[in-house]
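Q: Those protein sequences? They're chains A and B, same order as listed. The first sequence begins at 1 in my numbering and counts up one residue at a time. The second sequence begins at 309 in my numbering and counts up one residue at a time.
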Amino acid sequence: MSSLLEPQDHDYYEASARDRISGVLDPGSFTEFLGPENRTLSPHLAQFGLTGAFDDGLVIGAGRLFAEPVYIAAQEGRFLGGAFGEVHGAKLVGLLRAAREGAVGSKVRAVLLLLDTGGVRLQEANAGELAISETIHAIIDVRRAGIPVIALIGGRSGAFGGGGIVTACCSRIIVSDHARIGVSGPEVIETNKGIEEFDAKDKGLVWRVDGGRTRSLMGGADRFVLDRIKDFRAVAHESIAGAPSFSLETLSAEQARLEARLTNYGTFRDAPPIWQKAGIEQSQRIAEMTEKEFASLPRPKEATHDAR
Amino acid sequence: MESFEIRGRAAHPASGQLRQAIIGVNASGNLEVLVERTLPDTECIVGVTTQIDGFRELWQAVIEDFMARASLGGLRFSINDGGAKPDIVTLRLMQSLRRIETGQ
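1) Would you please verify whether the beta carbon of Gln-359 (chain B) is less than 8 Å from any beta carbon of chain A?
2) Compute the distance between the beta-carbons of Ala-73 (chain A) and Leu-41 (chain A), then report whether it is under 8 Å.
3) Shorter than 8 Å from the beta carbon of Ile-371 (chain B) to some beta carbon of chain A?
4) Would you mind stating whether Ile-396 (chain B) and Ala-329 (chain B) have Cβ atoms separated by less than 8 Å?
5) Report buried or exposed for Ile-173 (chain A), applying the criterion of at least 16 other Cβ atoms within 10 angstroms of its Cβ.
6) Below 6 Å CB to CB, which residues in the same chain sit around Ala-62 (chain A) once its five sequence neighbours on both sides are set aside?
7) Less than 6 Å between C-beta atoms, sequence neighbours within five positions excluded: which residues of the same chain meet that for Arg-327 (chain B)?
8) Does any residue of chain A have a CB that is nearer than 8 Å to the CB of Val-354 (chain B)?
9) I want to see whether chain B comes within less than 8 Å of Gly-89 (chain A), judged by CB atoms only; does it?
10) Would you verify that the beta carbon of Thr-191 (chain A) is, or is not, closer than 8 Å to some beta carbon of chain B?
11) Going by beta carbon distance, what residues of the same chain come within less than 7 Å of His-137 (chain A), once the five residues before and after it are set aside?
12) Which stretch, first to last residue, makes up the beta strand (DSSP E) that contains Thr-31 (chain A)?
13) Please report the distance separating the alpha-carbon of Ala-145 (chain A) from that of Ile-153 (chain A).
14) Report all residues from its chain with a CB closer than 6 Å to the CB of Ser-311 (chain B); omit the five preceding and five following residues, and keep chain order.
15) Taking the alpha-carbon of Arg-315 (chain B) as reference, which of B:Asp-361, B:Gly-381 and B:Lys-393 has the nearest alpha-carbon?
16) Which bits of chain A does Met-309 (chain B) rub up against, with CB to CB less than 8 Å?
17) Is it right to say Leu-339 (chain B) is buried, meaning 16 or more other beta carbons lie within 10 angstroms of its own, or is it exposed?
18) Using a Cβ-Cβ distance under 8 Å, would Leu-330 (chain B) count as near chain A?
19) Can you tell me which residues form a DSSP beta bridge with Ile-72 (chain A)?
20) Would Leu-342 (chain B) pass as an interface residue toward chain E - the criterion being a Cβ-Cβ separation below 8 Å?
21) Between Leu-322 (chain B) and chain A, is any beta-carbon pair separated by less than 8 Å?
22) If you follow the beta strand (DSSP E) that Val-333 (chain B) is in, where does it begin and where does it stop?
23) Rounded to the nearest angstrom, what separates Ala-83 (chain A) and Ala-319 (chain B) at their Cα positions?
24) At the level of alpha carbons, what is the spacing between Asp-349 (chain B) and Ser-296 (chain A)?
25) Would you say Gly-390 (chain B) faces chain A, with C-beta separation under 8 Å as the test?
26) Kindly list the residues whose CB is nearer than 7 Å to the CB of Gln-276 (chain A), restricted to its own chain and excluding five residues on each side of it in sequence; keep chain order.
27) Listing by chain order, which chain B residues have their CB less than 8 Å from the CB of Pro-7 (chain A)?
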């Protein structure tokens with residue numbers, strides 16, 4: 001890390017999981033749980049001739065965000081694509097359960113999930129799939145205990161596969177221009193359905209369909225920020241206060257929102273006609289405009305809702 | 309995949325007070341280095357686990373060069389390597405040393 005810039009001024013996309021945590025939280029406030037000295041490596045990777053990581057690609061712990069106590073987890077998107085394995089998942093589930101149980105005593109104000117993942121690690125697929133479902137369960141429990149879970153997405157691996165589902169279960173979702181969120185990633189769709197269905201090499205198409213801009217325009221993300229750690233930090237803090245509670249009403253509102261979206265846009269094969277039909281200003285220019293220009297656009301009505 | 313340890317002697321203990329530091333990521337062409345102040349003042353160990361087999365002599369040369377350049381007494385370096393080139397290995401070792409000595 002360059003000593004010329006403070007951690008908060010760094011580019012979020014380029015930063016490591018550890019640097020993202022130092023920049024998002026109040027300086028010096030982070031205490032890691034199960035740090036690298038514990039050597040919680042994956043027990044499975046060596047069978048495939050792969051070296052592990054001392055933290056299994058996930059950094060977890062407690063800290064402060066504008067003085068408020070929070071728990072935080074950050075995936076390292078460069079280690080095996082940030083993918084979920086057994087230890088990686090167990091650390092995340094443990095952190096979420098600790099947040100919920102502390103809800104009575106130590107009063108964690110929020111849990112921040114800095115997701116950067118292609119989904120489940122193929123080398124430990126069953127354990128990874130179980131970890132995803134346990135994570136989803138644990139997020140719902142934390143939200144039911146009245147603690148918001150905020151997803152921050154803007155790393156090189158995006159949030160795909162089970163990671164996309166985990167994202168959708170959070171109280172609030174913050175994205176940058178680099179973000180991509182989806183369940184089946186572009187290459188998975190191309191492999192299974194053919195290049196006529198989806199050309200994964202067409203970066204423009206990938207970002208128009210899965211990218212941060214379209215997600216924030218259509219309500220798949222709540223806030224769009226510039227790609228600096230300090231912007232994620234500020235908006236993560238702002239997102240805590242207004243985060244929706246988790247209830248039957250929330251779920252019904254989300255169901256209604258998704259049904260309306262399917263009815264209105266279900267036949268389109270690319271994003272620009274959807275933006276146009278949704279009446280979004282300058283819909284023809286969305287994909288071309290600069291990050292700053294996009295960030296300053298008024299938020300479309302459909303994107304502001306009390307669902308999720 | 310291959311694992312081995314390279315041991316050295318040090319005239320002086322490494323400076324600073326931090327107990328441990330970590331730098332880098334185990335990714336293609338990259339590596340992570342965990343450094344811990346856990347050994348007697350005159351010893352130094354670099355433990356390597358690398359994805360790429362057959363380059364132990366090269367690792368030995370790079371690590372002996374690092375040990376000759378700096379005072380590493382008391383430090384254990386543990387590496388998870390994803391196939392980094394020698395210049396990147398030297399860079400990460402130097403960064404890990406700076407981090408445990410100064411916190412930077």
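Ideal placement from N, C-alpha and C gives every residue a C-beta, glycine not left out. Quick caveat: nothing in here was measured; it's all calculated off a predicted structure.
A: Here's the rundown:
1) Translated into positions along the second sequence, residue 359 (chain B) becomes position 51. Closer than 8 Å: yes.
2) Here residue 73 (chain A) is taken as the residue at index 73 of the first sequence, counted from 1. Here residue 41 (chain A) is taken as the residue at index 41 of the first sequence, counted from 1. No, they are not a contact pair.
3) Taking the first residue of the second sequence as position 1, residue 371 (chain B) is located at position 63. So no, Ile-371 (chain B) is outside the interface.
4) Counting from one through the second sequence, the residue named residue 396 (chain B) turns up at place 88. Counting from one through the second sequence, the residue named residue 329 (chain B) turns up at place 21. Between Ile-396 (chain B) and Ala-329 (chain B), the CB-CB gap reaches or exceeds 8 Å.
5) Position 173 of the first sequence, counted from the start, is the residue given in the question as residue 173 (chain A). A residue is called buried once 16 or more other Cβ atoms fall within 10 Å of its Cβ, and Ile-173 (chain A) is buried on that count.
6) Position 62 of the first sequence, counted from the start, is the residue given in the question as residue 62 (chain A). For Ala-62 (chain A), where only same-chain residues beyond five positions count, the Cβ hits under 6 Å are Thr-31 and Tyr-71.
7) Here residue 327 (chain B) corresponds to residue number 19 of the second sequence, with the count starting at 1. Excluding positions up to five away in sequence, the list reads Arg-345.
8) Position 46 of the second sequence, counted from the first residue, corresponds to residue 354 (chain B). Not flagged as an interface residue toward chain A: Val-354 (chain B), since no C-beta distance is shorter than 8 Å.
9) The residue you call residue 89 (chain A) lines up with position 89 of the first sequence. No, Gly-89 (chain A) does not count as interfacial toward chain B.
10) For the purposes of this step, residue 191 (chain A) is identified with residue 191 of the first sequence, where counting begins at 1. Taking Cβ atoms only, chain B never reaches closer than 8 Å to Thr-191 (chain A), which makes this a no.
11) Along the first sequence, read from residue 1 onward, the residue named residue 137 (chain A) stands at position 137. Its chain contains no residue whose beta carbon lies nearer than 7 Å to that of His-137 (chain A) once the 5 sequence neighbours on both sides are disregarded.
12) The sequence position of residue 31 (chain A) within the first sequence is 31, counting from 1. Boundaries of the beta strand (DSSP E) harbouring Thr-31 (chain A): 31–33, taken from the DSSP string.
13) Here residue 145 (chain A) is taken as the residue at index 145 of the first sequence, counted from 1. Here residue 153 (chain A) is taken as the residue at index 153 of the first sequence, counted from 1. About 24 Å.
14) Sequence index remark: in the second sequence, residue 311 (chain B) carries index 3 (1-based). Exclusion of the five residues before and after Ser-311 (chain B) leaves Thr-357 as the residues of its chain whose Cβ lies within less than 6 Å of its Cβ.
15) Here residue 315 (chain B) refers to the residue found at position 7 when the second sequence is read from its first residue. It is B:Gly-381.
16) Numbered from 1 along the second sequence, position 1 holds the residue referred to as residue 309 (chain B). Neighbours of Met-309 (chain B) on chain A, chain order: Ala-46, Gly-49, Leu-50 and Thr-51.
17) Here the question's residue 339 (chain B) lines up with position 31 in the second sequence. The residue in question, Leu-339 (chain B), is buried, as its Cβ has 16 or more Cβ neighbours within 10 Å.
18) As a position in the second sequence, residue 330 (chain B) is number 22, starting the count at 1. Here residue 330 (chain B) turns out to be Ile, not Leu, going by the sequence shown. Proximity of Ile-330 (chain B) to chain A, defined by a Cβ-Cβ separation below 8 Å, is satisfied.
19) For this step, residue 72 (chain A) is matched to residue 72 along the first sequence. Per DSSP, A:Gly-61 and A:Leu-112.
20) Of the protein chains in the structure, A and B, none is chain E.
21) Mapped onto the second sequence, residue 322 (chain B) falls at position 14. First, the amino acid is wrong: residue 322 (chain B) is Ala here, not Leu. No - not a single Cβ of chain A is within 8 Å of the one on Ala-322 (chain B).
22) Indexing the second sequence from 1 puts residue 333 (chain B) at position 25. Taken as a continuous stretch (DSSP letters only), Val-333 (chain B) belongs to no beta strand (DSSP E), as it is neither H nor E.
23) Here residue 83 (chain A) refers to the residue found at position 83 of the first sequence. Here residue 319 (chain B) refers to the residue found at position 11 of the second sequence. About 43 Å.
24) The sequence position of residue 349 (chain B) within the second sequence is 41, counting from 1. The sequence position of residue 296 (chain A) within the first sequence is 296, counting from 1. Asp-349 (chain B) and Ser-296 (chain A) have their alpha carbons spaced roughly 57 Å apart.
25) Looking up residue 390 (chain B) in the second sequence gives position 82. Yes, contact with chain A.
26) Here the question's residue 276 (chain A) lines up with position 276 in the first sequence. For Gln-276 (chain A), the CB contacts under 7 Å within the same chain, skipping 5 residues up- and downstream, are Ser-283 in chain order.
27) By one-based count along the first sequence, residue 7 (chain A) stands at place 7. The premise fails here: Pro-7 (chain A) is roughly 12 Å from chain B at the closest Cβ pair, so nothing lies under 8 Å.
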